[in-house]
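Each number in my numbering corresponds to the 1-based position in the sequence shown with 597 added.
Note that the Cβ used here is the ideal one computed from N, Cα and C, for glycine as well.
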Amino acid sequence: MNGPKSVPRLALFDIDGTLLNEPSSEKRFMLWLFLKGRIGPIRLLAYALFALRHFPRYGTGVFAKNKSLLWRRTVGSAETLAREWAADRLDRALYEPCLERLRAHQQGGDIVVLLSGTPSVLADAIAGRLGVGNVVATECALRAGRYGFAPPIVHRVGEAKLASARDLCARFETSLADAVAYGDSLSDLPLLGACGLPVAVNPERALAAIACEKGWEVIGSPARGRIRASA
598 MNGPKSVPRL ALFDIDGTLL NEPSSEKRFM LWLFLKGRIG PIRLLAYALF ALRHFPRYGT
658 GVFAKNKSLL WRRTVGSAET LAREWAADRL DRALYEPCLE RLRAHQQGGD IVVLLSGTPS
718 VLADAIAGRL GVGNVVATEC ALRAGRYGFA PPIVHRVGEA KLASARDLCA RFETSLADAV
778 AYGDSLSDLP LLGACGLPVA VNPERALAAI ACEKGWEVIG SPARGRIRAS A
């Protein structure tokens, strides 16, 4: 006689500041592109113009919305560059204690997902390098197969990240009450607060205070945390 059906458990990992040390994957990727001579003055100008144009709408959060350094690259070329960057630089960027947790979840049969505000082209490259099969990340604007100049279509931070987590629960027939979530910033708070096992990783000060108050597990030191504007 078969026993009760086991319910899969989600293990949801933020990327920047959690699975990767600061600076963010985007900053690391863009610096790598610059050093490789793959970012010229036109894209730098586009980045500046985006910030000026959208600052009234987003304030200091405009920098998190600014993906214009990908402007006019084809999806295929961006994917190739992202994979090259991950192969060249990812290992030195990983935060080992969080990586160990990810490996433990993989070995334990949990459903590991990279759920992040990182652009999907980078999140996919990171996932491929780490052997993670599930990625839900920020969807950048595209036009005719090339990256556009507009803000992201879906920026998976805050409530948008939580909504994506609920979609994942429906997809895998599980619940947030059984899920483990890892995050480092206040923008991760909606998701952390909804999951059964929230884990703050090198949290920024405000999140560290909340984690302490609620008795959440903390990996790393809040002293390493940064006060950052939420996107």
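When the distance is taken between beta carbons, is residue j closer than 8 Å to residue i?
i, j, result
"T715", "L607", "no"
"P748", "E736", "no"
"Y744", "T615", "no"
"F610", "V754", "no"
"E801", "L783", "yes"
"W682", "F746", "no"
"I636", "L687", "no"
"L712", "V729", "no"
"C792", "L773", "yes"
Between the options, which lies nearest to residue i when the distance is taken from Cα to Cα?
i, options, result
"F631", "R650, L666, G656 and G658", "L666"
"V732", "K758, A791 and Y655", "K758"
"E623", "K662, A760 and R740", "K662"
"M627", "V718, Y655, P694 and R763", "V718"
For residue i and residue j, I'd like the C-alpha separation in whole angstroms.
i, j, result
"R825", "N618", "Note on R825: pLDDT 37, under 50, position unreliable in the model; the coordinate value appears next. Using only the alpha carbons, I get a separation of about 15 Å."
"A679", "D613", "15 Å"
"A734", "D775", "21 Å"
"H549", "H752", "Not covered by the structure: residue 549. The range shown for the chain is 598 to 828."
"L786", "R768", "22 Å"
"G673", "G812", "44 Å"
"P605", "L646", "46 Å"
"E693", "L739", "34 Å"
"R698", "G725", "17 Å"
"Q704", "P653", "47 Å"
"E814", "P638", "45 Å"
"A675", "D707", "30 Å"
"G656", "Y644", "15 Å"
"C695", "I816", "8 Å"
"P601", "V777", "Only weak support exists for where P601 lies, its pLDDT of 47 falling under 50; the value from the coordinates is given anyway. One C-alpha to the other measures close to 22 Å."
"A684", "G790", "34 Å"
"G634", "L642", "15 Å"
"A837", "T677", "Lying outside 598 to 828, the shown extent of the chain, residue 837 is not represented and no answer is given."
"P620", "E756", "23 Å"
"H702", "A760", "22 Å"
"W629", "D781", "24 Å"
"A828", "R763", "Low local confidence applies: a pLDDT of 30 at A828 is under 50, so the model's placement there is unreliable, with the coordinate-based value given in what follows. Using only the alpha carbons, I get a separation of about 20 Å."
How would you call residue i, buried or exposed, if buried means at least 16 neighbouring beta carbons within 10 angstroms?
i, result
"R700", "exposed"
"R625", "buried"
"V659", "buried"
"R640", "buried"
"A720", "buried"
"R670", "buried"
"K664", "buried"
"S818", "exposed"
"A741", "exposed"
"L649", "exposed"
"L804", "buried"
"L727", "buried"
Does any heavy atom of the ligand SAM sit closer than 7 Å to the C-beta of residue i?
i, result
"S665", "Among the components modelled here there is no ligand, and therefore nothing to report on the ligand SAM."
> Are the region 806-818 and the region 787-798 touching, with three or more C-beta to C-beta distances below 8 Å?
Replying inline: yes
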